[in-house]
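This report refers to the structure that appears directly beneath it.
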Amino acid sequence: MDHNAVAVLSMVIPMVAIVMGISMGMLSLYLRFRRKRDMYQLYHTERMSAIEKGIELPPLPPEFLQDTRLPDLAPIHNRRIGLVLLFLGIAVTVALWGTHVPAYWWGLVPCAIGLALLLASVLEARELEKQPPPQGRPPLGN
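Pasting the structure below:
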């Protein structure tokens, strides 16, 4: 390959990766929204037909109005993101340190965010240990 092709590829590959990453995130959000909308529509149709027929309304399931995310996985999520940011910041700092440019301090920003998320995950895990486990689901550690 000649030098121009390598230069073009070195610009195109990151752009494609960024566009694909954002597209996958948007697709995931859209599909989650559609699944939730379809579920609401089915329950609405069921309840409206029960009202029309004069039948007693079926009760809504308890998870229908609850948040679908698992709140007890927040410490694990924060820990994972915190570790990624911490090591990313260390890598950026070391990489920029070798260039002898004073911009290596910018690598400490993701390090600080990563450390804050790790601290948050530790504190959240301690808070969750104090609370009783929710009904119907075993504790996270088992």
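With the numbering used here applied, the sequence shown covers 1141 to 1282.
We treat Cβ as the ideally placed atom computed from N, Cα and C, and that holds for glycine.
Check: Close-in-space but distant-in-sequence residues of the same chain around A1231 (CB under 8 Å, 5 per side omitted); Outcome: G1247
Check: Limits of the unbroken alpha helix (DSSP H) element including L1167; Outcome: 1143–1193
Check: Beta-carbon proximity check, L1255 vs Y1244, cutoff 8 Å; Outcome: no
Check: Contact the stretch 1156–1167 vs the stretch 1180–1187: 3+ CB pairs below 8 Å; Outcome: no
Check: DSSP-derived helix/strand/coil call for H1240; Outcome: coil
Check: Inter-residue Cα distance where the pair is R1219 and R1172; Outcome: 24 Å
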